[in-house]
Each structure stands twice: as C-alpha cells, then as structure tokens.
Amino acid sequence: MAHAPIVGMYIVARMILGFGIPTCIVSGSSLIGELGYPKERPVLTSLFNVAYFVGQITAAAICFGTNNIASNWSWRIPSLLQICPSLLQISFVFFLPESPRWLITQDRTEEANAILVKYHAEGDPNSEFVKAEIAQMKTVITLEMEASKQSWMDLLRTAGMRRRCLITSMLGLFTQWSGNTLISYYLGDLLGMIGMNDSLTKQKINVGIACWSLVCGVTVALLVRRFRRRVMYLACTISLLLCYISWTISMERAVHALDNDYKNQSASIATIFFIFMYSPCYNIGYNALTYTYLVELWPYALRSRGISFFQLFGRMAGFFTTFVNPIGIKNASWRYLISYCCWLAFEVVFVYFMFPETAGRTLEELAFLFEDKALAEQANGAVEKVIHHEDMEPIGERKTATGQAEAVEDVTNKSRV
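Residue 2 is where the sequence shown starts when you use our numbering, and the numbers rise one by one after that.
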C-alpha cells in the first residue's frame, strides 16, 4: 500500500488489510472474554474496544506530522507505519494462552485446568473456584453441543437464536449509524460548513477529539461493573439523541449565519462543543459495552459466529455511510443531521424493548438466556455436587462398581461468590 503507484493498487491493498481486521477482532474479543476472571471480564472486554483510540491518536499524530511533507511521502509514511501493529501482534501471539473452553471441547481438560489455575487462582492447583469453573464449563458446553449442529444455520434455528441475531445485527448497525462515522471521516467537511477552513486547525481538533475519546473510553470501561447493561445502553442512546438534537440546532444557526454573510461565533463554538460531547455519550454503550455484551449474549458454541455476524452488519453499515455521508452533507447541509436524530430515536425504542440484561452472571449462566430454563436448572443442579463436595473424584469421571470410569456431568455456579 505504501508503494502503490496507482490509486487502484492502493485501494486493493486497503481491501486486503480490511479482510484481516475482522478476523483479529472476532478471535481477540472472544479470547479475552473467555480468559478473563468473571469479575474482571466486563472491564477487560471494554478496554479491548477502547484500545481503538490508541491507534486513532497514533494515526492522527503521524498524519499531523507528515502533513507538511511536500511529496508523496506525506501519505506513504503513514501507510508504511501500519506494519508496526501487525509486527507486534505476530511477535506476541505465540505467547497467548488458549481458550479453556476450546480446550475442553478438544478433550484437553488438564490444559484448560492449568490455564485457569494460573490466571484465576494465582497458581493454586487445589482452588475450589477453578474446580467449579471447569465443572460448569464442561456441563454447559456439553449441553450446547448437543443442541447445536455447529453450522451457520444454528444462528436461525431457534427463537432464542433468532432474537440474538436480531439484537446482534441491529447492534452492528447502531455502532456505525449513530453518527460516529460522520465525525470520524468527515470532520473536516463539518468544520468547513461552520467556517473553519484552516487545515492545521482541523487537524488539531481531530487529535483533540481522539485524545478526549480515549479518556472517555477508559473511564467508562473502568466503571462498567458499577452499572447494569440496559441502563448503560439506554443512557447511551438517549444522551446521543439529545446531543445530536443540540448539535443540529447549533449547526443550523452557524450555517445560516454564513449563508447570510456573517459569522455566528457562539453557534460555531457550540457546534464544536457538541462534537466533543458526542464522545462520552457514544462511549457509554457502543464503545465500552459492544464486545462485553456480545460475548455475554452468545453461548460458546456460536460465539465466534455471532461476533462475525455483528462484524458483517457493522462493516456493511460502515461501507454504506462512507458513501452516503458526503452526498448528504453536500445536498442537505445541516439538515442531514436530522436523519441521524430520527435514527437515534429508533435506537432508544429498540434498546428499551429488545435488549436483555446480562450483568452479574457467568458466561455459562448466560448460555441459556433465551432458551428453556430447564437446561439452566439441569446445569445448576449438577453443579451443587461440586460445590458441596458430593463428588470428589477427578472432574469428568467417576469410578463405577466394576472399577471402570464413566463420564460425569458437572457444572458450577461457584463464580457467583
């Protein structure tokens, strides 16, 4: 991409880069959610998405620094430096532990136990918590696999799965159609509409927004355990709607002034203020909670496919807005923001009626969120044996009267402690 002699080659290189990013996101978010200690999982998965702003700040700073280079290297250098994050990932990926749940599906329970002992029990091999986790994972995964055919059609097979798909697809649209792409990709055009045409000033504001977004994102991620998921999503959508309405009004005043050959400084400042205010509103839900919620929403057997489904709708929505936004800005000016106000109002209604609460439960408890409660009761019933030491044989087997080992159905609810 950095050495592309023509635009076509540059675009193809960008497409290849784009194919790799969703793969990393799907596998990375799933692994973090499945490795994280239950109480720490919401924070870890929230910080995963917030890390985007680290890259955004780096990219904005590099472009700011190369802006004055009077040659093609002004864009070649930022393109070339994109190799650095990839090299970091390649260097460290070999040191990552495997998902304990995946190891259990491959009959490698001892390896899964060793990983959980290291990361969840501070190295204590006799940890009752880890024994309970292993037992719970084994039973719930067994129940999931029995009900799943391990195909993409499983996403639509039951009413519960169809509801998960609906929520996931709409969440993919919401993360891209809530007005964020307008700020991310067309900030310069928006600032130009209110009379700010200096390139250096625009880049300074862009870097400022990126830094502010990182602060907001990290703050929300660290506080995510204090609030329930539905509360945060409703706060996110309602605040975004109010922010966009205020932004639309202030921008109308600023544009109206320029159209009549004078400048409304107060309206311009208010517009920039609401652009900055957008970040904390968005981060409350669509940034900090996105992968936290998806990991909790989908059971293990279909988690990767579910997050891939989210990526599909998110990427399609991003592709759509990338081409529609400039047309809307050019033809409708400030009125284009009204369309986002209407969409955000729909988001509030959808979140209120369709988003279930997932906070305060383990991934195994959430596996049957929309399914028959009898399955969850079956799993919880089996776990009591482990909690109360009714079954002290090694997890996964019990000796019969003839001395032969037979499979034992274990599960635990220990992580509520």
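For glycine and all other residues, C-beta sits at the position ideal for the given N, C-alpha and C.
Subject >> alpha helix (DSSP H) runs wholly inside the stretch 231-299, at least 4 long, in chain order >> reply: 266-283, 291-298
Subject >> His121 in three-state terms, based on DSSP >> reply: Taking the first residue of the sequence shown as position 1, residue 121 is located at position 120. Of the three classes helix, strand and coil, the one that applies to His121 here is helix, per DSSP.
Original post:
In whole angstroms, what separates the C-alpha of Val131 from that of Leu117?
Top reply: Locating residue 131 in the sequence shown gives position 130, where the first residue counts as 1. Locating residue 117 in the sequence shown gives position 116, where the first residue counts as 1. When rounded, the distance between both Cα atoms is 6 Å.
**OP:** Would you please state the rounded distance, in angstroms, between the beta carbons of Val352 and Leu235? I believe it to be under 8 Å.
**Re:** Mapped onto the sequence shown, residue 352 falls at position 351. Mapped onto the sequence shown, residue 235 falls at position 234. That belief holds up - the Cβ atoms of Val352 and Leu235 are roughly 6 Å apart, short of 8 Å.
Original post:
To the nearest whole angstrom, what separates the beta carbons of Leu224 and Phe54, a pair I think is in contact under 8 Å?
Top reply: Position 223 of the sequence shown holds residue 224. Position 53 of the sequence shown holds residue 54. In fact, because the Cβ distance is near 16 Å, the residues do not count as touching under 8 Å.
Subject >> Alpha-carbon to alpha-carbon, Phe324 and Met10 >> reply: Here the question's residue 10 lines up with position 9 in the sequence shown. Here the question's residue 324 lines up with position 323 in the sequence shown. If you take the alpha carbons of Met10 and Phe324, they lie about 20 Å apart.
Subject >> Buried/exposed call for Lys40, threshold 16 Cβ in 10 Å >> reply: If you number the sequence shown from 1, residue 40 lands on position 39. With fewer than 16 Cβ atoms within 10 Å of its Cβ, Lys40 is classed as exposed.
**OP:** For Ile328, count neighbouring Cβ atoms within 10 angstroms of its own Cβ and tell me buried if that reaches 16, exposed if not.
**Re:** Within the sequence shown, the letter at position 327 stands for residue 328. Exposed, since its Cβ has fewer than 16 Cβ neighbours within 10 Å.
Original post:
Taking Cβ positions only, does Pro39 come closer than 8 Å to chain D?
Top reply: Although the question refers to chain D, the structure presented lacks it and comprises just one protein chain.
Original post:
Is DSSP giving Ala113 helix, strand or coil here?
Top reply: By 1-based counting over the sequence shown, the position of residue 113 is 112. Helix at Ala113.
Original post:
Pairing CB atoms from the stretch 165-173 with CB atoms from the stretch 291-304, are three or more of them under 8 Å?
Top reply: yes
**OP:** Report all residues from its chain with a CB closer than 6 Å to the CB of Gly218; omit the five preceding and five following residues, and keep chain order.
**Re:** Numbered from 1 along the sequence shown, position 217 holds the residue referred to as residue 218. Cβ neighbours of Gly218 beyond the five flanking positions: Val51, Phe54, Asn284, Asn288.
Original post:
Can you tell me whether Tyr263 is buried or exposed, with buried defined as 16 or more other CB within 10 angstroms of its CB?
Top reply: Against the sequence shown, residue 263 aligns to sequence position 262. Flag for Tyr263 reads exposed.
Subject >> Euclidean distance between Cα positions of Asn261 and Cys85 >> reply: Along the sequence shown, one-based indexing puts residue 261 at 260. Along the sequence shown, one-based indexing puts residue 85 at 84. Cα to Cα, the separation comes out at about 49 Å.
**OP:** With DSSP collapsed to three states, give me the class of Gly180.
**Re:** Walking along the sequence shown from the start, residue 180 turns up at place 179. It is coil, neither helix nor strand.
Original post:
Between Pro357 and the rest of its own chain, which residues show a CB-CB distance below 7 Å, the 5 nearest in sequence each way excluded?
Top reply: Sequence index remark: in the sequence shown, residue 357 carries index 356 (1-based). Leu370.
Original post:
Taking Ser100 as the reference, which of Asp199, Ile246, Met278, Tyr301 has the closest Cα?
Top reply: Position 99 of the sequence shown holds residue 100. Of the listed residues, the one whose Cα sits closest to Ser100 is Tyr301.
Subject >> Contact between the stretch 335-354 and the stretch 151-158 (3+ Cβ pairs under 8 Å) >> reply: no
Original post:
Excluding sequence positions up to five away, which residues of its chain have a Cβ less than 6 Å from the Cβ of Ser47?
Top reply: As a working note, residue 47 is residue 46 in the sequence shown. Ala222, Val225, Ala289, Thr293.
Original post:
For Ala255, which of Arg230, Ser128, Ile273, Ser152 has the nearest alpha-carbon?
Top reply: Sequence index remark: in the sequence shown, residue 255 carries index 254 (1-based). When only C-alpha atoms are compared, the closest one is Ile273.
**OP:** Keeping to the same chain, check which residues put their C-beta closer than 8 Å to that of Leu32; ignore five residues upstream and five downstream.
**Re:** Position 31 of the sequence shown holds residue 32. So the qualifying residues of the chain are Leu97, Ser100.
Original post:
Met355 lies in the alpha helix (DSSP H); which residues open and close that run?
Top reply: Counting from one through the sequence shown, the residue named residue 355 turns up at place 354. From DSSP, the alpha helix (DSSP H) with Met355 extends over 337-355.
Original post:
Hey, how far is the Cα of Met194 from the Cα of Leu81?
Top reply: Indexing the sequence shown from 1 puts residue 194 at position 193. Indexing the sequence shown from 1 puts residue 81 at position 80. Distance between the alpha carbons of Met194 and Leu81: 32 Å.
**OP:** Give the secondary structure of Tyr301 by DSSP, where H, G and I count as helix, E and B as strand, and everything else as coil.
**Re:** Within the sequence shown, numbered from 1, the residue matching residue 301 stands at position 300. Three-state result, Tyr301: helix.
Original post:
By a C-beta neighbour count over all protein chains shown, 10 Å radius and 16 as the cutoff for buried, is Lys139 buried or exposed?
Top reply: Within the sequence shown, the letter at position 138 stands for residue 139. It counts as buried.
**OP:** Using beta-carbon positions only, say whether Ile330 and Ser280 come within less than 8 Å of one another.
**Re:** Residue numbering aside, residue 330 sits at position 329 when the sequence shown is read from its first letter. Residue numbering aside, residue 280 sits at position 279 when the sequence shown is read from its first letter. No. Outside cutoff.
Subject >> Three-state class that DSSP yields for Cys362 in the structure shown >> reply: Residue mapping note: residue 362 aligns to position 361 of the sequence shown, counting from 1. It is worth fixing the name first, because residue 362 is Arg in this sequence and not Cys. Coil at Arg362, not helix or strand.
Original post:
Taking the alpha carbon of Leu338 as the point to measure from, which residue in Gly180, Ser200, Ile270, Thr202 has its own alpha carbon closest?
Top reply: Looking up residue 338 in the sequence shown gives position 337. Selected option, being the one with the closest Cα: Gly180.
Original post:
Looking at the structure shown, is Ile58 part of a helix, part of a strand, or coil, going by DSSP?
Top reply: Stepping through the sequence shown from its first residue, residue 58 is reached at position 57. If DSSP states are grouped into helix, strand and coil, Ile58 belongs with the helices.
Original post:
Just the Cα atoms here: how many angstroms apart are Gln57 and Thr322?
Top reply: Mapped onto the sequence shown, residue 57 falls at position 56. Mapped onto the sequence shown, residue 322 falls at position 321. In a straight line, the C-alpha of Gln57 is about 19 Å away from that of Thr322.
Original post:
Between Val349 and the rest of its own chain, which residues show a CB-CB distance below 8 Å, the 5 nearest in sequence each way excluded?
Top reply: As a working mapping, residue 349 is identified with position 348 in the sequence shown. If we look at Val349 and ignore the five residues flanking it on each side, its Cβ neighbours are Leu235, Thr238, Ile239, Leu242.
Original post:
Exposed or buried, Thr249, counting other C-beta atoms within 10 Å across all chains shown (16 or more means buried)?
Top reply: Along the sequence shown, one-based indexing puts residue 249 at 248. It counts as buried.
Original post:
Any idea if Trp74 is buried or exposed, counting beta-carbon neighbours within 10 angstroms, 16 or more meaning buried?
Top reply: Counting from one through the sequence shown, the residue named residue 74 turns up at place 73. Under this definition Trp74 is an exposed residue.
Original post:
Is His121 buried or exposed, if buried means 16 or more other CB atoms sit within 10 Å of its CB?
Top reply: Working through the sequence shown from its first residue, we reach residue 121 at position 120. With 16 or more Cβ atoms within 10 Å of its Cβ, His121 is classed as buried.
Original post:
Using the C-alpha atoms, what's the distance from Trp299 back to Cys244?
Top reply: Here residue 244 refers to the residue found at position 243 of the sequence shown. Here residue 299 refers to the residue found at position 298 of the sequence shown. Cα to Cα, the separation comes out at about 31 Å.
**OP:** Report the three-state DSSP secondary structure of Cys212 (helix, strand or coil).
**Re:** One-based indexing of the sequence shown puts residue 212 at position 211. It is helical.
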